[in-house]
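Going by the working numbering, the sequence shown opens with residue 1, and the numbers climb by one from there. Yeah, the Cβ is synthetic: ideal placement off N, Cα and C, and Gly gets one too. Taking it in order: structure first as structure tokens, then the write-up.
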Amino acid sequence: MTVALVTGATQGLGLALVEGLAQRLEPADTVYLTGRNIDRITEAVRSMPGGGARVRGELLDVADPDAAARLAAQLEERHGGIDVVFGNAVMRVGPDDDPRAIIDTYTEVNNFGTTRLLKAFAPLLNDNGRLVVVASSLGTLHHLAPVLHRRFTRPSTLDELDEQIARWRDEVKDGRARAGAWPGFVNIPSKIGQVAAVRVLADERRENDLARGILIAAACPGMINTPTSALWWDVSTAPAPAQAATALLDLALEPLNPAHYGELVRHGEVVPFS
């Protein structure tokens with residue numbers, strides 16, 4: 001029996017990932033559709049077409065410091081382990097948002113939420129398991145001033161990386177980031193932080209994971225036609241979430257390519273971090 005979980009799954013790409021997993025897996029398998037609002041979770045589960053794997057809704061607010069560990073413990077007791085995890089929960093930011101006003105919640109969801117998910121679910125991965133963090137090609141160092149690169153390459157543990165994210169958050173809040181070398185678009189350091197988190201965890205686990213057929217990676221789905229993306233770019237010709245989900249589902253369900261381990265992958269190709 002295969003057990004899968006998707007965070008941030010009540011709409012958009014996350015919902016498409018749940019539907020795609022359910023369609024590709026078997027009736028004996030289970031896909032957990034998670035989010036932070038029980039009404040939206042219930043509605044999303046009801047929207048699933050019939051057939052394929054069973055879809056179950058579970059509350060998971062990645063901004064809650066204890067939520068990922070709590071759900072991981074429940075699923076370990078229920079199933080003994082997990083086979084596929086997509087970390088897709090994200091707080092969106094619009095052009096009119098003041099970074100200083102939103103940066104606390106933004107990092108709590110996008111960055112600390114990612115490291116909590118990695119810490120909670122990586123230990124539960126079964127042989128041939130997959131843990132994929134949905135990120136972006138913005139999450140590479142060539143989008144960042146060289147003077148800042150060591151903030152994301154020096155940490156050797158997730159806790160150390162969290163400290164660097166907290167540093168950046170505080171610099172955004174007090175204005176030092178705007179006066180310094182940081183890009184004004186907070187999505188760039190945040191995505192770099194997510195990819196760096198995957199790389200740090202992969203460095204800790206690489207030898208054992210590859211021996212067990214496990215993949216830990218970040219994935220870029222590319223531009224997607226969603227209302228949030230439309231605030232920033234012309235997405236009229238971009239793929240719909242269901243189309244964008246295809247490459248991510250392939251990454252999670254097809255045979256392991258060791259070259260993808262610990263990397264940012266876009267449409268089956270590694271996007272160099274630096």
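Rounded straight-line distance, which links the Cα of residue j to that of residue i
i: Val84; j: Val90; result: 19 Å
i: Ala16; j: Ala218; result: 18 Å
i: Glu108; j: Val62; result: 8 Å
i: Gly51; j: Gly113; result: 32 Å
i: Leu124; j: Ala69; result: 11 Å
i: Lys173; j: Thr246; result: 38 Å
i: Thr81; j: Leu75; result: At residue 81 the sequence reads Gly, which differs from the Thr that was named. Spanning the two alpha carbons is a distance of roughly 7 Å.
i: Leu5; j: Thr237; result: 29 Å
i: Gly12; j: Glu160; result: 32 Å
i: Glu204; j: Gly262; result: 10 Å
i: Arg212; j: Thr7; result: 24 Å
i: Val45; j: Leu264; result: 30 Å
i: Asp127; j: Ala22; result: 20 Å
i: Asn111; j: Arg100; result: 16 Å
i: Glu19; j: Ala135; result: 20 Å
i: Lys119; j: Ile38; result: 24 Å
i: Gly129; j: Asp98; result: 39 Å
i: Met223; j: Leu251; result: 17 Å
Assigned secondary structure, residue i (DSSP; H/G/I helix, E/B strand, else coil)
i: Arg212; result: coil
i: Glu160; result: helix
i: Arg130; result: strand
i: Tyr106; result: helix
i: Val172; result: helix
i: Arg199; result: helix
i: Ile82; result: strand
i: Ala219; result: strand
i: Ala4; result: strand
i: Arg56; result: strand
i: Thr114; result: helix
i: Val31; result: strand
i: Arg266; result: strand
i: Leu138; result: coil
i: Gly20; result: helix
Same chain only: Cβ atoms within 6 Å of residue i, ignoring 5 sequence neighbours per side
i: Thr115; result: Leu158, Asp162 and Ala197
i: Arg54; result: Thr30
i: Pro272; result: none
i: Pro65; result: none
Residues near residue i in its chain [Cβ-Cβ closer than 7 Å; skip 5 each side]
i: Leu253; result: Arg24
Distance between beta carbons of residue j and residue i, contact taken as under 8 Å
i: Ala9; j: Gly35; result: 6 Å
i: His142; j: Pro183; result: Incorrect: roughly 12 Å between the Cβ atoms, too far for contact.
Residues near residue i in its chain [Cβ-Cβ closer than 8 Å; skip 5 each side]
i: Pro155; result: Leu161, Glu163, Gln164, Ala196 and Val200
i: Asn187; result: Val93, Ser136 and Leu138
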